[in-house]
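Take a look at the structure below.
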Amino acid sequence: MEILQVVLASLFSAVILFLIAKVIGHKQVAPLEFFDYITGITIGSIAAELATTLDKPWWKPTISMLVFGSITVALSIITRRFARSRKFINGTPTIIMDDGKLYRENMKKAKLELSEFLLLCRQEGYFNLNDIQTAVFEYNGKLSILPKSAKRPLNPEDMELNPKPEHIGTEIIMDGRVMGDNLKRKDLNDDWLQKELKKQGYKSPREIFLGICYDENQLTLFPMKDRCK
């Protein structure tokens, strides 16, 4: 009976915490999802109690932690398999501003005050609301902003340019040692490496802490003398 009481009490507390979190709103649980937030604070509290109250039965908080962990796993499975359940469990995005209009009722639903909205805008780099086309308050408590076309950063497509794709650099020298396999993978050899070293004023790979080869065989070198002590 005691085990059943612990399980039921844990389930009841999880439901109450979920309802409280819903009432408080998205901003309280950012950047976690509702039950990640609930489980995190609850399991942490129970674990602390288990570690400090050694004179009490250890199995009760252990069962409670297992119940909360099981709830989180079960809900993650439910939200993956049933799309409609996500709206109830995680919540839905809320449009706060669109086409120059602030939706006051939506701000109330999201439990978002005007000063907090302005703060979130500034954190995203928007100090002038006239630069914003659409602002969406996400269910994880973050604000997503779509800038107006005239205010968004210029990209190559705007200039009808087709830049070449970039690739991750390849480590050619690490801690003074030549990475032979990486050198061959780039279709390069020791002669090329020696020429590049001399071109940049170095005599040996042992002088190099890190050497990375980027596109078009551009070799960037970081000497040993610049290593942090």
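Sequential numbering of the sequence shown, starting at 20, is according to the numbering used here.
All C-beta atoms in this analysis are idealised placements derived from N, C-alpha and C, irrespective of residue type, glycine included.
For Val86 versus Thr113, is the C-beta spacing smaller than 8 Å?
Not in contact: Val86 and Thr113 (Cβ atoms no closer than 8 Å).
Quick check on Ala169: buried or exposed, where buried means 16 or more other Cβ atoms within 10 Å of its Cβ?
By the neighbour-count rule (16 or more Cβ atoms within 10 Å), Ala169 is not buried but exposed.
Ser163: which of Phe31, Gln142 and Asp177 sits nearest, CA to CA?
Taking only the C-alpha atoms, the option nearest Ser163 is Gln142.
Where do the ends of the beta strand (DSSP E) carrying Leu207 lie?
Premise fails: Leu207 is in no beta strand (DSSP E) and is neither H nor E.
Using 10 angstroms around the beta-carbon of Val25, count the other beta-carbons present and answer buried if the total reaches 16, otherwise exposed.
Classification for Val25: buried.
Could you check if Tyr233 is buried or exposed, using at least 16 other CB atoms within 10 Å of its CB as the buried criterion?
The residue is exposed, with fewer than 16 neighbouring Cβ atoms inside 10 Å.
Thinking just about the alpha-carbon of each residue, which of Leu238, Ile151 and Val197 is nearest to the one in Gly188?
Comparing Cα positions, the closest option is Leu238.
Find the nearest neighbour of Gly230 within the set His186, Phe241, Lys106 and Pro76, judged by alpha-carbon distance.
Measuring from the Cα of Gly230, the nearest candidate turns out to be Phe241.
For Asp200, does the three-state DSSP call read helix, strand or coil?
Note: Asp200 maps to helix in three-state DSSP.
Starting from the C-beta of Met193, find all residues in its chain whose C-beta is less than 7 Å away, skip the five residues before and the five after it, and write them out in chain order.
So the list reads Leu229, once near-sequence residues are dropped.
Please state whether DSSP places Ile151 in a helix, a strand or coil.
If DSSP states are grouped into helix, strand and coil, Ile151 belongs with the strands.
Note down, in chain order, each residue of its chain lying with its Cβ closer than 6 Å to the Cβ of Val34, except the 5 sequence neighbours on either side.
Same-chain partners within the cutoff: there are none.
If you reduce the DSSP assignment to three classes, tell me which class Phe37 lands in.
Helix, per DSSP.
According to the neighbour-count rule (16 or more other Cβ atoms, all chains shown, within 10 Å of its Cβ), is Phe136 buried or exposed?
That one is buried.
For Lys217 and Ile227, what's the separation of their Cα atoms in angstroms?
Lys217 and Ile227: Cα-Cα distance of roughly 12 Å.
For the beta strand (DSSP E) that contains Phe228, what are its first and last residues?
Unbroken beta strand (DSSP E) run through Phe228: Ile227 to Tyr233.
Which of the three DSSP states, helix, strand or coil, is assigned to Ser163?
DSSP places Ser163 in strand when its eight states are reduced to three.
If you run the structure through DSSP and keep just helix, strand and coil, what is Pro172?
Here Pro172 sits in coil by DSSP.
Run the CB neighbour count on Ala93, radius 10 Å, all protein chains shown included, and call it buried at 16 or more, exposed below.
Exposed, because fewer than 16 other Cβ atoms sit within 10 Å of the Cβ of Ala93.
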